[in-house]
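Colleague: Numbering (my numbering), first residue to last: 4 to 241. C-beta: ideal position from N, C-alpha, C; glycine also. All values derive from a computational prediction rather than experimental measurement. Have a look at the structure that comes next, please.
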DNA sequence: CATGAGCGT
């Protein structure tokens, strides 16, 4: 039942266990002595480095409307490390907005969950998890893991079974600078909309792929490549 | 044919 890792120097006795269905939100967190809470709404400059050891919540998107808290608990609750989860709903229609939040008992757990589940196939079989770190205020959400600007291309004519991973690997086999790929998912059906995006770190590889990958087979259909509108407003991060 | 991305009491 209770795991204790002797290898890790964890000194926080986390022995409180509670059913997640009773309390929808558990905001109580043991405050670490070594690190004061810096994310209160005091006069903090927005130039805060995003170390954020206290972030234990994942954002999950591309949820279908029937995917409620019970479904998410089926997905994540078996680990016994979920402290709270919630699906955001429209207040008028009480319909799911297609995203939610999952909070775990530690940052290490959260990180492990992100790497384990992100991109994996969801139990319904039709789509893969879309997970990311949750942000607690608008402003940090645009920062992605990257070490430079990304150059994206539009990829259409995708077969419906093409996943992020397959699309990514199809390009990564020929281009080293592929940073990621995303297949756009229809929230109503949870299935692919038939197009997606591939991001490159190297602009020259992006240019090459625009012509070289034109008509190349991905799964069962030849791809149609086009330019992608850049949604990143020229982040000049040095 | 088509252009993603959505952050809460």
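Is the beta carbon of residue 226 less than 8 Å from the beta carbon of residue 167?
Modeller: It is not a contact, given that the beta carbons lie outside the stated cut-off.
Colleague: For residue 111, which three-state DSSP category applies?
Modeller: If DSSP states are grouped into helix, strand and coil, residue 111 belongs with the helices.
Colleague: Evaluate contact between the segment 86-97 and the segment 124-143, counting only Cβ atoms and requiring at least three cross-stretch pairs below 8 Å.
Modeller: With the cut-off at 8 Å, the segment 86-97 and the segment 124-143 do not touch.
Colleague: What do you get for residue 176, buried or exposed, if any count of 16 or more other CB atoms within 10 angstroms of its CB means buried?
Modeller: Residue 176 should be labelled exposed.
Colleague: My output table needs one value for residue 3: the three-state DSSP class, helix, strand or coil.
Modeller: No answer is possible for residue 3: it lies beyond the span of the chain, which begins at 4 and ends at 241.
Colleague: Given a threshold of 16 other Cβ atoms within 10 Å of its Cβ, counted over all protein chains shown, does residue 195 qualify as buried or as exposed?
Modeller: By the 10 Å Cβ count, residue 195 comes out buried.
Colleague: When DSSP labels each residue in this structure, what does residue 175 get in the three-state scheme?
Modeller: In this structure, residue 175 counts as helix in the three-state DSSP scheme.
Colleague: Mind checking whether residue 88 and residue 114 have CB atoms under 8 Å apart?
Modeller: No, they are not a contact pair.
Colleague: Taking a contact to mean a Cβ-Cβ separation below 8 Å, would you say residue 212 touches residue 174 in this structure?
Modeller: Yes, the pair counts as a contact, with Cβ atoms nearer than the cut-off.
Colleague: Should residue 197 and residue 163 be called a contact, given that it needs their Cβ atoms to be closer than 8 Å?
Modeller: For residue 197 and residue 163, yes; Cβs fall inside 8 Å.
Colleague: In three-state terms, what does DSSP make of residue 79?
Modeller: Looking at residue 79 - three-state DSSP - the assignment turns out to be helix.
Colleague: Taking the straight line between their C-alpha atoms, what separation do you get for residue 110 and residue 116?
Modeller: So the alpha carbons of these two residues sit roughly 10 Å apart.
Colleague: Distance check for residue 103 and residue 229, CA to CA, integer angstroms please.
Modeller: Between residue 229 and residue 103, the C-alpha separation is close to 32 Å.
Colleague: Are residue 135 and residue 61 close, meaning C-beta to C-beta below 8 Å?
Modeller: Cβ distance < 8 Å, so residue 135 and residue 61 count as in contact.
Colleague: Given a cut-off of 8 Å, decide if residue 129 and residue 199 are closer than it, judged by their beta-carbon atoms.
Modeller: No, the pair does not count as a contact, with Cβ atoms beyond the cut-off.
Colleague: Here's the rule I'm using: 16 or more other beta-carbon atoms within 10 Å means buried, otherwise exposed. How should residue 86 be labelled?
Modeller: Counting Cβ neighbours within 10 Å, residue 86 comes out buried, since at least 16 surround it.
Colleague: Kindly indicate which three-state DSSP category residue 84 falls into: helix, strand or coil?
Modeller: Residue 84: coil per DSSP, three-state reduction.
Colleague: Give the DSSP-derived three-state secondary structure of residue 184 in the structure shown.
Modeller: Residue state, collapsed to three classes: strand.
Colleague: Could you check if residue 108 is buried or exposed, using at least 16 other CB atoms within 10 Å of its CB as the buried criterion?
Modeller: With 16 or more other Cβ atoms within 10 Å, it is buried.
Colleague: Can you list, in chain order, the residues of its chain with a C-beta nearer than 6 Å to that of residue 67? Leave out the 5 residues immediately preceding and following it.
Modeller: Closer than 6 Å at Cβ, skipping near neighbours: 193.
Colleague: Tell me the residue span of the beta strand (DSSP E) that contains residue 64.
Modeller: Taken as a continuous stretch (DSSP letters only), the beta strand (DSSP E) holding residue 64 covers 60-64.
Colleague: Using a Cβ-Cβ cut-off of 6 Å (strictly less than) and excluding sequence neighbours within five positions of residue 101, which residues of its own chain qualify?
Modeller: The residues are 66, 190.
Colleague: Which value, in whole angstroms, describes the spacing of the CA atoms of residue 210 and residue 158?
Modeller: Looking at the two C-alpha atoms, the distance is approximately 13 Å.
Colleague: Just the C-alpha distance for residue 183 and residue 153, rounded to the nearest angstrom, thanks.
Modeller: For residue 183 and residue 153, the distance between alpha carbons rounds to 10 Å.
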